[in-house]
Amino acid sequence: MPNAKDRASDKIKRNLFRPKKEIADEFSEAEYERKKRVMLAVTRKIDDPIIPDKEIIEFLETGCDGTCKPVSTSTAYRDLLLIKNITGNIKLASKDWERYMVVETAKAEIRKSTGKDSRAVASLLKVITEVRQLGQDDKENFFDLMVPPDYEITGDPEALGEMEGEQTEKIDYNQRRKELRELYKPGDIEDIEVIYVKDDE
Numbered sequence: 333m334p335n336a337k338d339r340a341s342d343k344i345k346r347n348l349f350r351p352k353k354e355i356a357d358e359f360s361e362a363e364y365e366r367k368k369r370v371m372l373a374v375t376r377k378i379d380d381p382i383i384p385d386k387e388i389i390e391f392l393e394t395g396c397d398g399t400c401k402p403v404s405t406s407t408a409y410r411d412l413l414l415i416k417n418i419t420g421n422i423k424l425a426s427k428d429w430e431r432y433m434v435v436e437t438a439k440a441e442i443r444k445s446t447g448k449d450s451r452a453v454a455s456l457l458k459v460i461t462e463v464r465q466l467g468q469d470d471k472e473n474f475f476d477l478m479v480p481p482d483y484e485i486t487g488d489p490e491a492l493g494e495m496e497g498e499q500t501e502k503i504d505y506n507q508r509r510k511e512l513r514e515l516y517k518p519g520d521i522e523d524i525e526v527i528y529v530k531d532d533e
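Residue numbers in the sequence shown follow our numbering, run continuously in steps of one, and reach 533 at the last position.
So, in structure tokens, the structure goes:
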């Protein structure tokens with residue numbers, strides 16, 4: 333069952349870009365303040381997908397450049413988890429973004445450069461394409477083929493099989509259980525007087 337923090341995070345995700353007047357009855361002042369921080373940080377991460385986590389933390393700690401109240405480092409990291417949950421790992425999400433950036437960079441450089449410079453830009457983009465492997469399709473997802481073992485829950489230690497090495501004799505588990513019950517049967521344990529010892533001064 334989700335705790336209060338999980339429920340608050342889900343509420344923020346569902347209402348991230350809704351204005352305050354529409355959600356005034358659903359959010360406390362503290363929840364709305366957190367929603368505002370997360371919304372601003374998500375927007376910043378979308379604008380700059382490769383922004384380091386450290387910069388996001390500093391952005392949150394300083395109150396989102398003065399828009400919100402400053403928060404502690406621990407609160408900023410808690411917000412960062414929610415931000416990543418909303419945006420995902422953009423850097424690893426897909427090659428489509430990188431393909432788009434390569435094409436747009438090429439267009440911009442070709443528009444502002446001479447014919448000679450265009451050849452240099454084209455060569456650079458070719459290197460980037462090869463390094464990033466942008467000319468190759470993404471590998472197919474094979475996780476459906478990875479079927480985990482179907483374990484059957486049991487309290488029978490014999491399911492583990494016989495022990496190897498020095499322990500080669502077969503264990504009579506019923507006899508062993510009986511011996512342990514006899515050893516630790518109720519009534520054999522006696523309370524003892526507690527003696528309090530003072531530390532030397």
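Backbone N, C-alpha and C fix where the C-beta goes; we use that ideal spot for every residue, glycine too.
Range of the contiguous alpha helix (DSSP H) that encloses residue i
i: Cys400; result: No alpha helix (DSSP H) holds Cys400; DSSP gives it neither H nor E.
i: Gln507; result: Tyr505 to Leu515
i: Arg376; result: Glu361 to Asp379
i: Lys530; result: Per DSSP, Lys530 belongs to no alpha helix (DSSP H) and is neither H nor E.
i: Asp488; result: Careful: Asp488 lies outside any alpha helix (DSSP H) and carries neither H nor E.
i: Glu354; result: Lys352 to Ile355
i: Lys386; result: Asp385 to Glu393
Per-residue burial, residue i [other beta carbons within 10 Å of its own, 16 or more giving buried]
i: Ala452; result: exposed
i: Leu377; result: The residue asked about is misnamed: residue 377 is Lys in this sequence, not Leu. It is buried - the Cβ of Lys377 has at least 16 other Cβ atoms within 10 Å.
i: Val459; result: exposed
i: Phe391; result: buried
i: Ile344; result: buried
i: Ala536; result: Nothing about residue 536 can be reported from this structure: the residues present for the chain run from 333 to 533 only.
i: Val370; result: buried
i: Ile388; result: buried
i: Val403; result: buried
i: Lys367; result: buried
i: Ser341; result: buried
i: Met333; result: At Met333, the pLDDT of 44 sits below 50, so the modelled position is not reliable and the matter cannot be decided from this model.
Nearest-angstrom Cβ-Cβ length linking residue i and residue j, presumed shorter than 8 Å
i: Leu548; j: Ile415; result: In this structure the chain extends from 333 to 533, so residue 548 is not present and cannot be described.
i: Asp411; j: Ala373; result: 7 Å
i: Met434; j: Thr461; result: Here residue 434 turns out to be Val, not Met, going by the sequence shown. The pair is a contact, with the Cβ atoms about 6 Å apart (cut-off 8 Å).
i: Lys353; j: Tyr364; result: In fact, because the Cβ distance is near 11 Å, the residues do not count as touching under 8 Å.
Inspect the CB distances between the region 393 to 402 and the region 346 to 364 and report whether three or more fall short of 8 Å. As far as the Cβ criterion goes, the region 393 to 402 does not touch the region 346 to 364, which means the pair count is below three.
Evaluate contact between the region 398 to 413 and the region 428 to 439, counting only Cβ atoms and requiring at least three cross-stretch pairs below 8 Å. Judged by pairs of C-beta atoms under 8 Å, the region 398 to 413 does not touch the region 428 to 439, as fewer than three such pairs exist.
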